[in-house]
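S.K.:
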Amino acid sequence: MRQWRLASRPRNVYQKYAVDVTFGEIKLWQVLLQWAVFAHDVPGTDETLGGTLPPTVNDAVFRIARWRAEFADRTIESHFNRHQLRHTRSQVRLALLFCAAFYVAFTITDVLALGFGREALILLAGRVVVAVSALVSCAFTYWYPHSIRRIWLGASITEILGMATFALVVLFRPHDTPWHAMSISIMALVVYLYIPNRLLYALAIGVISTVVFVALVVWLDRLTGPELLTMSMLLLLSNGFGCMAAHRYALIRREEFRVHAVLKNLSERDALTGCHNRRYLQQELLNMELSRARRFKLSLAVVICDIDHFKAVNDTHGHAAGDAVLVTFANLLRSLTRDGVDSVIRYGGEEFLIVLPETDLDGAVHLAERMRGALIGAGTEVAPGRVVGVTASFGVTAVNFAHVEQRFAQELLVDQADRLLYTAKSSGRNNVQALQFHGSPGAGERRKAA
Numbered sequence: 054m055r056q057w058r059l060a061s062r063p064r065n066v067y068q069k070y071a072v073d074v075t076f077g078e079i080k081l082w083q084v085l086l087q088w089a090v091f092a093h094d095v096p097g098t099d100e101t102l103g104g105t106l107p108p109t110v111n112d113a114v115f116r117i118a119r120w121r122a123e124f125a126d127r128t129i130e131s132h133f134n135r136h137q138l139r140h141t142r143s144q145v146r147l148a149l150l151f152c153a154a155f156y157v158a159f160t161i162t163d164v165l166a167l168g169f170g171r172e173a174l175i176l177l178a179g180r181v182v183v184a185v186s187a188l189v190s191c192a193f194t195y196w197y198p199h200s201i202r203r204i205w206l207g208a209s210i211t212e213i214l215g216m217a218t219f220a221l222v223v224l225f226r227p228h229d230t231p232w233h234a235m236s237i238s239i240m241a242l243v244v245y246l247y248i249p250n251r252l253l254y255a256l257a258i259g260v261i262s263t264v265v266f267v268a269l270v271v272w273l274d275r276l277t278g279p280e281l282l283t284m285s286m287l288l289l290l291s292n293g294f295g296c297m298a299a300h301r302y303a304l305i306r307r308e309e310f311r312v313h314a315v316l317k318n319l320s321e322r323d324a325l326t327g328c329h330n331r332r333y334l335q336q337e338l339l340n341m342e343l344s345r346a347r348r349f350k351l352s353l354a355v356v357i358c359d360i361d362h363f364k365a366v367n368d369t370h371g372h373a374a375g376d377a378v379l380v381t382f383a384n385l386l387r388s389l390t391r392d393g394v395d396s397v398i399r400y401g402g403e404e405f406l407i408v409l410p411e412t413d414l415d416g417a418v419h420l421a422e423r424m425r426g427a428l429i430g431a432g433t434e435v436a437p438g439r440v441v442g443v444t445a446s447f448g449v450t451a452v453n454f455a456h457v458e459q460r461f462a463q464e465l466l467v468d469q470a471d472r473l474l475y476t477a478k479s480s481g482r483n484n485v486q487a488l489q490f491h492g493s494p495g496a497g498e499r500r501k502a503a
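In the working numbering, the protein residues as written are 54 to 503.
Written as structure tokens, this is what we have:
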């Protein structure tokens, strides 16, 4: 795997720090770090599967650890949880509030069975503690809206407190053991199916609570041997079916996530190079970056580059060689841009477009020069012992919204970069042409970088 010694670009220019960047295949788990779900400006919190996807998506990347019903790769599992975050928050609130209300309401049965005495007050206090825990857990979904771990923690604590209080109910009301058995079965199903949590956590809480309940019933000695066996088998069934249903539901949701990711990748990516396609640029990316730059008064640069004499490569070496050259060029462009910040788009044929957020004209020109120089030294082996070398021409433009207030169509920015590319082609190729964009095409001082 080749490595390029690159100068890392700061947020506005490409010139200060040196880092090692690997030039090779991008894995999905690396790119998924860029995904944003359920909030527009918070990483990992966008409602859609935003961000970039790798050149290829295969089933091995989405492999599921069946025994725990989670993606084997922790990064993908983390982004799946973020993708589900809005649904998880709403389900936690609904389930915990509903359960807390009924849990407190069952104080009536305590009073009817025990009278309004010390034991009933203890149970009331326990039920209130569970309700307060449920309210705090719901508050977590507002205080920490992007933390799935805190949501799980709050749900788990509430479930544990609820089961512990129920153990007191069993101790104080031993004559109602058959009803308690029915209650613990329902509570176990709620833990497995209705309160969002990791399957392993739900399984631990459900099984331990059931074992403790059976132990209490044995200790209280209120059932005969056959009755105890029947109750234990029914509890085993309720836990087994609850766990299987939760397991199947977890697998279904992850399969939906996988299909969604694959389809989104197909709709936004060029199949050959793995770069974003023109549709994604025009419908989502460029408008989003322009809006953000305009909102925060930032610079935004666009670079269009085209491989020189690419038709001659196809005519001389064949289309397979031409495809290999395109892949090499695309990989080089990605390796020289900021992962998760810049975007490389296959604009058409041998033409590529690069969107550079928070980058001024000098920074974009500097990057384009480095790309041009790197391509000269990067040959493509199209056959054993046969290497094809190519050059490229670049058109660079940038807009600084700290000085440009007028609104303009996004196509104008791309059109100016495209005209600069044409100028570079007509000026002998293998050079960089640049022009600051001031809100209308053609306005500004033209620069020839090389």
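Ideal Cβ positions, reconstructed from N, Cα and C, are used throughout, including at glycine.
Quick one, are the C-beta atoms of Ser186 and Leu221 less than 7 Å apart?
M.R.: no
S.K.: On the three-state DSSP scale, how would you describe Glu434?
M.R.: strand
S.K.: Any idea if Glu458 is buried or exposed, counting beta-carbon neighbours within 10 angstroms, 16 or more meaning buried?
M.R.: exposed
S.K.: What distance in whole Å lies between the Cβ atoms of Gln489 and Ala477, which are believed to be in contact at a cut-off of 8 Å?
M.R.: Contact doesn't hold; Cβ gap of about 16 Å is too wide.
S.K.: Could you spell out where the alpha helix (DSSP H) holding Asn367 opens and where it closes?
M.R.: Phe363 to His370 is the span of the alpha helix (DSSP H), which, as asked, contains Asn367.
S.K.: Is Val443 helix, strand or coil when you go by DSSP?
M.R.: Three-state result, Val443: coil.
S.K.: List the residues that DSSP assigns as beta-bridge partners of Cys358.
M.R.: Phe405 and Phe447
S.K.: Considering only the beta carbon of each residue, do Thr450 and Val380 sit closer than 7 Å?
M.R.: Thr450 is not a Cβ neighbour of Val380, given a cutoff of 7 Å.
S.K.: Which same chain residues, not among the five before or five after Ile210, have their C-beta less than 8 Å away from its C-beta?
M.R.: Ser186 and Ser190
S.K.: Do the CB positions of Ala377 and Thr326 come within less than 7 Å of each other?
M.R.: no
S.K.: Short of 6 Å in beta carbon distance, which residues of its chain neighbour Arg142, apart from the five on each side in sequence? Order them along the chain.
M.R.: Thr194
S.K.: Are the CB atoms of Phe310 and His136 nearer to each other than 7 Å?
M.R.: The criterion of a C-beta distance shorter than 7 Å is satisfied by Phe310 and His136.
S.K.: Please return the same chain residues whose Cβ sits closer than 8 Å to the Cβ of Leu288, not counting the five positions on each side in sequence.
M.R.: In chain order, Ala234, Ile237, Ser238, Ala241, Thr263, Phe266 and Val267 place their CB closer than 8 Å to the CB of Leu288, counting only its own chain and leaving out the 5 sequence neighbours on each side.
S.K.: Among Leu176, Ala374, Leu224 and Gly293, which one has its Cα closest to the Cα of Pro437?
M.R.: Ala374
S.K.: Span of the alpha helix (DSSP H) holding Leu488?
M.R.: First-last for Leu488: Val485 to Phe490, but that is the beta strand (DSSP E), not the alpha helix (DSSP H).
S.K.: For Val157, which residues in the same chain have their Cβ closer than 7 Å to its Cβ, ignoring the five residues on either side in sequence?
M.R.: Arg180, Val181 and Ala184
S.K.: Alpha carbon to alpha carbon, how far is Ala217 from Thr230?
M.R.: 16 Å
S.K.: As a quick exercise: from Gln463, Arg387 and Phe382, pick the residue whose alpha carbon is nearest that of Ala431.
M.R.: Phe382
S.K.: Per DSSP, which residues does Arg345 bridge with? Please list them.
M.R.: According to DSSP, Arg345 bridges with nothing at all.
S.K.: Taking DSSP as the reference, what is the three-state secondary structure of Leu389?
M.R.: coil
S.K.: For Phe124, which beta-bridge partners are listed by DSSP?
M.R.: Ile117
S.K.: Is Lys364 near Ala455, with beta carbons less than 7 Å apart?
M.R.: Cβ atoms of Lys364 and Ala455: not closer than 7 Å.
S.K.: Could you check whether the stretch 459-467 touches the stretch 417-424, counting it as contact only if at least three pairs of C-beta atoms, one from each stretch, sit closer than 8 Å?
M.R.: no
S.K.: Cutting at 8 Å between CB atoms, please list the residues of its own chain near Tyr400, excluding the five before and the five after it.
M.R.: Arg331, Leu334, Ile357 and Leu406
S.K.: Using a threshold of 7 Å, state whether the C-beta atoms of Ala7 and Gly448 are closer than that.
M.R.: Because the chain spans 54 through 503 in this model, residue 7 falls outside it and cannot be assessed.
S.K.: Report the residue from Gln144, Asp163 and Ile258 whose alpha carbon sits nearest the alpha carbon of Ile204.
M.R.: Gln144
S.K.: Can we say the stretch 277-285 touches the stretch 145-165, given the rule of at least three CB pairs closer than 8 Å?
M.R.: Judged by Cβ distances under 8 Å, the stretch 277-285 makes no contact with the stretch 145-165, as fewer than three pairs qualify.
S.K.: First and last residue of the alpha helix (DSSP H) that includes Glu422?
M.R.: Leu414 to Ile429
S.K.: Here's a check: name, in chain order, each residue in its chain whose Cβ is nearer than 6 Å to the Cβ of Phe343, leaving out the five neighbours to either side.
M.R.: Contrary to the premise, residue 343 reads as Leu rather than Phe in this sequence. Correct list, in chain order: Gln463.
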